[in-house]
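**Q** The numbering of the sequence shown is the numbering used here, which starts it at 98 and goes up by one. C-beta: ideal position from N, C-alpha, C; glycine also.
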Amino acid sequence: MKRLNDFDMVASVHPDFRFDADEDSGFLPFKFRLKNPAFNCLKDKDLKSGFEFYMEEFDLQTTKENLKPKLSFLNKLLSKKQPEVPFATPEIEARLKECKIVVSFVWHASDSFELRFASLTSAILTELTNGVCAYEDETWYENKNIVDKAFQEVIEYEHTLTEADLDFMEFDEW
């Protein structure tokens with residue numbers, strides 16, 4: 098949370114969150130207040146946002162095995178080997194070999210601040226664990242300055258919004 102609060106807000110995660118895969122999957126809410134909001138309607142307001150959060154075990158070798166195409170009956174008879182299928186670039190795969198958990202962040206455009214929390218939280222987690230951050234379209238991010246880059250993307254997105262575009266929830270209770 099300390100690192101998340103470096104980015105123009107004071108935020109806290111739901112008090113019951115423990116980073117436990119069995120207990121914490123699903124919507125992960127945050128209470129926050131922007132320090133310098135661009136719109137008057139956000140000034141001095143406690144807000145609530147979040148994203149869908151899922152954790153599962155990961156093994157690169159198993160994942161790569163599952164990507165291999167199934168051999169036809171004839172190819173099995175001929176003892177053909179399945180071709181090696183890359184999961185990512187060799188550099189990314191070298192880092193993924195050390196990874197044991199996949200954490201997925203899912204957000205929706207209906208809440209103007211879900212992108213802020215999903216992007217920053219995923220980047221901070223990547224930074225803290227020296228993990229790997231990627232999007233489903235196979236965009237792989239470099240860890241160098243990942244949090245600053247994520248914040249820049251968030252700011253660029255938020256600057257495209259008008260006050261009429263804003264969709265947010267005021268915090269009432271956990």
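(1) State yes or no: is the C-beta of Phe-155 nearer than 7 Å to some heavy atom of the ligand HEM?
(2) What does the alpha-carbon distance come out to for the pair Glu-211 and Asn-172?
(3) Should Phe-214 be labelled buried (16 or more other beta-carbon atoms within 10 Å of its own) or exposed?
(4) Alpha helix (DSSP H) containing Lys-161: first to last residue?
(5) Per the contact definition of three or more C-beta pairs closer than 8 Å, is the stretch 199-211 in contact with the stretch 143-154?
(6) Name the one or two DSSP bridge partners that Tyr-238 has.
(7) Please classify Ala-108: does DSSP put it in a helix, a strand, or coil?
(8) State the beta-bridge partners of Tyr-151 as determined by DSSP.
(9) Could you pull the DSSP bridge partners for Met-266 from this structure?
(10) Checking 8 Å against the spacing of the C-beta atoms, do Ile-309 and Val-244 come in under that value?
(11) The beta strand (DSSP E) spanning Arg-130 covers which residue range?
(12) Looking at Phe-248: is its Cβ nearer than 8 Å to the Cβ of Phe-136?
(13) Would you kindly work out how many angstroms separate the C-alpha atoms of Lys-132 and Lys-142, rounded to a whole number?
(14) Need the endpoints of the alpha helix (DSSP H) that Phe-248 sits in, please.
(15) Alpha carbon to alpha carbon, what distance is there between Lys-177 and Phe-170?
(16) How many angstroms separate the CA atom of Cys-230 from the CA atom of Tyr-254?
(17) Counting only the same chain and skipping the five closest in sequence on each side, list residues whose C-beta sits under 8 Å from that of Leu-157.
**A** According to the data block:
(1) As far as ligands go, the structure on display features none, and thus does not contain the ligand HEM.
(2) Straight across, the Cα-Cα distance linking Glu-211 with Asn-172 is about 48 Å.
(3) Counting C-beta atoms within 10 angstroms of its own C-beta, Phe-214 has 16 or more neighbours from the protein chains shown and is therefore classed as buried.
(4) 157-164
(5) Judged by Cβ distances under 8 Å, the stretch 143-154 makes contact with the stretch 199-211, as three or more pairs qualify.
(6) Beta-bridge pairing links Tyr-238 to Cys-230.
(7) strand
(8) Among the bridge pairs identified by DSSP, Tyr-151 is matched with Ser-201.
(9) Lys-145
(10) Here the chain covers residues 98 to 271 and nothing more, so residue 309 does not appear.
(11) 123-131
(12) no
(13) Across the structure, Lys-132 and Lys-142 are spaced so that their CA atoms are roughly 10 Å apart.
(14) 243-256
(15) Approximately 10 Å, taken between the alpha carbons.
(16) 19 Å
(17) Phe-184, Glu-190, Leu-193, Lys-194, Cys-196
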